[in-house]
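The structure under discussion appears below in the form of structure tokens.
Chains as they are written, first to last, in the numbering used here: chain A, 2 to 166; chain B, 155 to 746.
Encoded structure:
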């Protein structure tokens, strides 16, 4: 499925934001200012694959694919956007967690699929995550998703031990 | 609706069973009646109790007699109140108010009050969803909700009397402080130094909750309620100091929040409170002194008029909030009797001021300090070390002491004993590197621009509990602790002082020597403030919260166990705190 583009008005605000804030730090403003990819009016509904479905019947709803998945240049821009948009103020430098959770540990409170991370940033979450979709637009949010997905998750070691090794 | 109906039933029951009989408490400095009716015990914010049953001779037999889980995991700062035969406890978000019946075995609840508090506020609170406690006045329990409301609840029935929106989370404002009530005025302020708020303090009407006055802590004189005929800062002259000391109108997003305790001198009719850091942390976006951030302000409680202000840290470029308590004590300094104000600042200096004028009498380092060499008593200004100044152009400035956690956290209020003439406080022994970055202002999100990793200060310990002579600027004794110390202090007429530690010990010590008399592991790190009171059975008790939290920068999230999707490495300067404690709020009561 192509990336969600809720509607044109949002895309326009993306340009404004890119000019006002993000361009001051982004290496490539050209990418930020280009029209959002996938201009079809796709509804942004996302089905959370990890949610339990009553009766085992999954609801309708799609998934979103990151148009920049694996693009290291976009990930680099996203790292700068992470600071420019003050994400680091809650999630810490390098996204390792502060009042907001660690985003680099490979574990995800609201689901780790591209679409789920997109929705967390675009629409916000309860308990404090603001909706950045209005300020960042679709393209800006995908840029952040690309950065977060580029973070090398450490090996998942559930045990923290203080016993002598 | 169903919830309201259910509460109404509880309320009727509690009124029928047990009307508390609060004594005449909140007036000036009352003789000790065994209650604890305001956050800092008295208007002077001494946290000193006249109770003397517990002494250095018998404190070894202190033991827990009651506990209660608050059901909340956020950092349990603040303290309970005891009014008559009821103990009142406010939790961190969601700011539940519990009223315990101290006359009955097991202290069952008379009622609990559960306001609707927006969960969105959690993301606007810089460091944790803390609450620093309620205030009792005129039959009401008054306290603040994280999402920007002040509420008054009937102390007998638990019924909500009024609820006023004072702050706006969309602007980055939350409310974590304990209010102060003076006569018919409720004094409140907002947190948000990390969100670029335009800091303020307000006076509400105690009867109705209506906002009577509102005054900013920075900006033009009209916004600050500073008039030329009544505002006399001891070291500054001229109009609009709070605006002219900020270039390009940067005061509009300059922070200077209010999140500590407020004290009051009835004779001078002045309230005293400290302001927090200047925003953003990258100080090159706001050159100048940035008045009146990192300052103490003295105002008239009735109409909010500004009378004097003194800035501890001009052009704060280390996040040195001055929101720590202003303790009012009558001292003899250099042979002169003075009406003093004593303040332990995050910047590592302890200040003794004349509280009538704001003039500086004494300032000495109480923790390792290197950002300034001393404080000039003639100008009131710090003598800076030029190599420890920060900003984007300075790059990564290494080895600044204290760290931005402060020589002491403002959340850890000190105590003063008129018997020993000593002040008691927790301290931190941490330093930091400080790499400022350009901060972009996006309303409702952090406005900081900083990467500041901490390291242990000199000496191989991370915190202390100590006794300080504010008349001479001298440390009398200190107990070194393996972790930063984050509890408030309590001292009594029995000459016993009390504090808790971050790794979860609650200790009583001899107030004259620091000798540890008793200690008990209370289940979670202590960041709250102990209190003492005489219960209906006539005995002296000591109460304190356990419940680590209050600053995730300090704790690294390693002490959390409730979220399987948030796993963090321990902080390198605090590698094993999670070995000794995890989150969770518990109220403890101790007795002989």
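Cβ coordinates follow ideal geometry from the N, Cα and C atoms, glycine included.
* Determine which residues share a DSSP beta bridge with residue 641(B) and list them. => Residue 641(B) is not bridged to any residue.
* Asked: Grouping DSSP H, G and I as helix and E and B as strand, with all else coil, what is residue 143(A)?
  -> helix
* Beta bridge counterpart(s) of residue 241(B) as assigned by DSSP -> 236(B) and 254(B)
* Asked: Can you name the residues of chain A whose CB is closer than 7 Å to the CB of residue 276(B)?
  -> Residues of chain A with a Cβ closer than 7 Å to the Cβ of residue 276(B) are, in chain order, 128 and 129.
* Anticipated Cβ contact below 8 Å, residue 745(B) with residue 693(B), distance rounded -> 6 Å
* Counting Cβ pairs closer than 8 Å, one from the segment 524-535 of chain B and one from the segment 589-603 of chain B, do we hit at least three? -> The answer is no - the segment 589-603 of chain B does not touch the segment 524-535 of chain B, with fewer than three Cβ pairs under 8 Å.
* Asked: DSSP state of residue 542(B), grouped into three classes?
  -> helix
* Below-8 Å beta-carbon distance, residue 605(B) vs any chain A residue -> yes
* Asked: What number of angstroms, rounded off, separates the C-alpha of residue 43(A) from the C-alpha of residue 116(A)?
  -> Unreliable placement is indicated for residue 43(A), whose pLDDT of 45 sits below 50; the coordinate value is still reported in the next sentence. For residue 43(A) and residue 116(A), the distance between alpha carbons rounds to 13 Å.
* **Within chain B, the residues that residue 139(A) reaches when beta carbons sit closer than 8 Å** => In chain order: nothing, as chain B lies at least about 18 Å away.
* To do: Express the C-alpha separation of residue 100(A) and residue 67(A) in angstroms, rounding to a whole number.
  => 27 Å
* Asked: Between residue 270(B) and chain A, is there a C-beta pair that is closer than 8 Å?
  -> Not closer than 8 Å to any Cβ of chain A, the Cβ of residue 270(B) fails to qualify, so no.
* To do: Provide the residue span of the beta strand (DSSP E) that contains residue 505(B), from first to last.
  => 503-508
* To do: Report yes or no: is there a C-beta of chain E within less than 8 Å of the C-beta of residue 102(A)?
  => Here chain E cannot be found, since the structure's protein chains are A and B.
* Would you call the segment 240-250 of chain B and the segment 295-309 of chain B in contact, with 3 or more CB pairs under 8 Å? -> yes
* **residue 82(A): first and last residue of the uninterrupted alpha helix (DSSP H) it sits in** => Per DSSP, residue 82(A) belongs to the alpha helix (DSSP H) from 73-85.
* Asked: Where are the beta strand (DSSP E) runs, 3 residues long or more, that stay fully inside the segment 406-464 of chain B, in chain order?
  -> Fully enclosed beta strand (DSSP E) runs of 3 or longer: 417-419, 424-428 and 449-453.
* Can you grab the Cα-Cα spacing for the pair residue 356(B) / residue 539(B), in whole Å? => 37 Å
* To do: Taking only beta-carbon positions, decide if residue 531(B) is within less than 8 Å of chain A.
  => no
* Does residue 404(B) get closer than 8 Å to chain A when you measure Cβ to Cβ? -> no
* Asked: On the three-pair Cβ rule with 8 Å, is the segment 673-680 of chain B touching the segment 48-58 of chain A?
  -> Not touching, per the Cβ criterion.
* Start-to-end residues for the alpha helix (DSSP H) that takes in residue 681(B) -> Note, residue 681(B): premise wrong, no alpha helix (DSSP H); not H, not E.
* With C-beta atoms as the reference, is residue 425(B) less than 8 Å away from residue 341(B)? -> It is a contact, given that the beta carbons lie within the stated cut-off.
* Asked: If we cut at 8 Å on Cβ distances, does residue 713(B) have a partner in chain A?
  -> no
* **Helix, strand or coil at residue 686(B) [DSSP, three-state]** => strand
* Taking residue 87(A) as the query, report the chain B residues whose CB atoms sit under 8 Å from its CB, ordered along the chain. => The answer, in chain order, is 593, 594, 596, 599, 600, 601 and 602.
* Asked: For residue 349(B), which of helix, strand or coil comes out of DSSP?
  -> Three-state result, residue 349(B): coil.
* With 16 as the cutoff for other CB atoms within 10 Å, does residue 558(B) come out buried or exposed? -> buried
* From the beta carbon of residue 164(A), is the nearest beta carbon of chain B less than 8 Å away? -> no
* Asked: Hey, out of 447(B), 363(B), 702(B) and 666(B), whose CA is closest to residue 573(B)'s CA?
  -> 666(B)
* Tell me, please, whether the CB atom of residue 98(A) is closer than 8 Å to any CB atom in chain B? => Among the CB atoms of chain B, one or more fall inside 8 Å of the CB of residue 98(A).
* Asked: Alpha carbon to alpha carbon, how far is residue 488(B) from residue 625(B)?
  -> 8 Å
* **Inter-residue spacing [alpha-carbon to alpha-carbon] between residue 417(B) and residue 646(B)** => 19 Å
* Asked: Which partner residues of residue 585(B) appear in the DSSP bridge assignment?
  -> 609(B)
* With a cut-off of 8 Å, does the C-beta of residue 585(B) fall near any C-beta of chain A? -> With its beta carbon at least 8 Å from every one in chain A, residue 585(B) lies outside the interface.
* To do: State the DSSP-derived secondary structure class of residue 754(B), mapped to helix, strand or coil.
  => The requested residue 754(B) is not part of the displayed model; chain B covers only 155 to 746.
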